[in-house]
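Notes follow the structure.
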Amino acid sequence: MSLQFAVPVRPDCAPFSGRGDMPPVATPHASKPVFVIDARLNVQFSNRGAQALQNDGLGGADRFTASDKEFMARLMSWLKRCGTGGWPGEARLPLSLRCGRQVAIEAVHLESIDLFVLSVDDPEIAMGRKLGEVAEACGLTPTEERMLALIVEGLDTIIAAKRLGIAPTTARTHLQRLFAKTGTARQSELVRFVATYVEEPR
Numbered sequence: 522m523s524l525q526f527a528v529p530v531r532p533d534c535a536p537f538s539g540r541g542d543m544p545p546v547a548t549p550h551a552s553k554p555v556f557v558i559d560a561r562l563n564v565q566f567s568n569r570g571a572q573a574l575q576n577d578g579l580g581g582a583d584r585f586t587a588s589d590k591e592f593m594a595r596l597m598s599w600l601k602r603c604g605t606g607g608w609p610g611e612a613r614l615p616l617s618l619r620c621g622r623q624v625a626i627e628a629v630h631l632e633s634i635d636l637f638v639l640s641v642d643d644p645e646i647a648m649g650r651k652l653g654e655v656a657e658a659c660g661l662t663p664t665e666e667r668m669l670a671l672i673v674e675g676l677d678t679i680i681a682a683k684r685l686g687i688a689p690t691t692a693r694t695h696l697q698r699l700f701a702k703t704g705t706a707r708q709s710e711l712v713r714f715v716a717t718y719v720e721e722p723r
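Going left to right, the sequence shown walks through residues 522 to 723 as our numbering numbers them.
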């Protein structure tokens, strides 16, 4: 089976948008940030998720760069080895964003067209996406969704109540509703439920 991959031309790409130092907003169906580059680091394509990472020191309008110099050295070494056929066509490279967040780059060599796909595996964004999926699937209210995010963050009900500006008894009520809606009984089970949640196909 042949692999087909369409690369949009540069004029059709959406412009980069400044986002300050904020991470890209995770939505339930947000796509993983993806760059397509050549062996000389020229960017052939980048989706919106990838473009949003420019202010975190990753990517560029025309040339792929990263503020993490160790990552760039490993990437360049892998690209060169792929060119000589002396390295596997896939790699997972750790990367520190400018904001300090740790992510990983899944790199794949498309030999037939001699391009490289770099996708960003960000645990923080992935967890945010799962929170949205759980909230939608379990019918959580906005307050319950915020409470769930704080529990996943590792906070107890007292601190979560302060963050939400509600009484501790109200926070405990929200927690009990979360247990009921997710079929869990303890906070550790609730966190595991979110971390391992797989959305049912529509």
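In this text, a Cβ means the ideal position worked out from N, Cα and C, and glycines have one as well.
Exercise for the section: Give the secondary structure of residue 626 by DSSP, where H, G and I count as helix, E and B as strand, and everything else as coil. Expected result: Looking at residue 626 - three-state DSSP - the assignment turns out to be strand.
Exercise for the section: Thinking residue 731 and residue 652 are a contact (beta carbons under 8 angstroms), I'd like their distance in whole angstroms, please. Expected result: Within the shown structure, residues of the chain are numbered from 522 to 723, placing residue 731 beyond reach of any answer.
Problem - Proximity to residue 700 [Cα-Cα], best of 689, 685, 666, 650 - result: 666 is the residue among 689, 685, 666, 650 whose C-alpha sits nearest the C-alpha of residue 700.
Handout entry: Nearest to residue 636 (by Cα), restricted to the options 642, 643, 628
Key = Comparing alpha-carbon positions, the option among 642, 643, 628 lying closest to residue 636 turns out to be 628.
Handout entry: Three CB pairs or more closer than 8 angstroms across the segment 594 to 603 and the segment 564 to 577
Key = Look at the beta carbons and you see the segment 594 to 603 not touching the segment 564 to 577: under three pairs across the two are nearer than 8 angstroms.
Exercise for the section: Buried or exposed for residue 719, please, with buried defined as at least 16 other CB atoms from any protein chain shown within 10 angstroms of its CB. Expected result: Under this definition residue 719 is an exposed residue.
Handout entry: Range of the contiguous alpha helix (DSSP H) that encloses residue 638
Key = Premise fails: residue 638 lies in the beta strand (DSSP E), 636 to 642, not in any alpha helix (DSSP H).
Exercise for the section: Taking residue 663 as part of the alpha helix (DSSP H), name the residues at either end of that continuous run. Expected result: DSSP places residue 663 inside the alpha helix (DSSP H), whose first and last residues are 663 to 674.
Problem - The alpha helix (DSSP H) enclosing residue 611, as first and last residue numbers - result: Note, residue 611: premise wrong, no alpha helix (DSSP H); beta strand (DSSP E) at 611 to 617.
Practice task
Would you kindly work out how many angstroms separate the C-alpha atoms of residue 645 and residue 686, rounded to a whole number?
Solution key: Cα to Cα, the separation comes out at about 25 angstroms.
Practice task
Helix, strand or coil for residue 681, going by three-state DSSP, please let me know.
Solution key: Note: residue 681 maps to helix in three-state DSSP.
Handout entry: Helix, strand or coil at residue 596 according to DSSP, with G and I counted as helix
Key = Here DSSP, grouped into helix, strand and coil, assigns residue 596 to helix.
Exercise for the section: Kindly indicate which residue of 704, 606, 675, 621 has the alpha-carbon position closest to the one of residue 660. Expected result: Of 704, 606, 675, 621, the residue nearest in Cα terms is 704.
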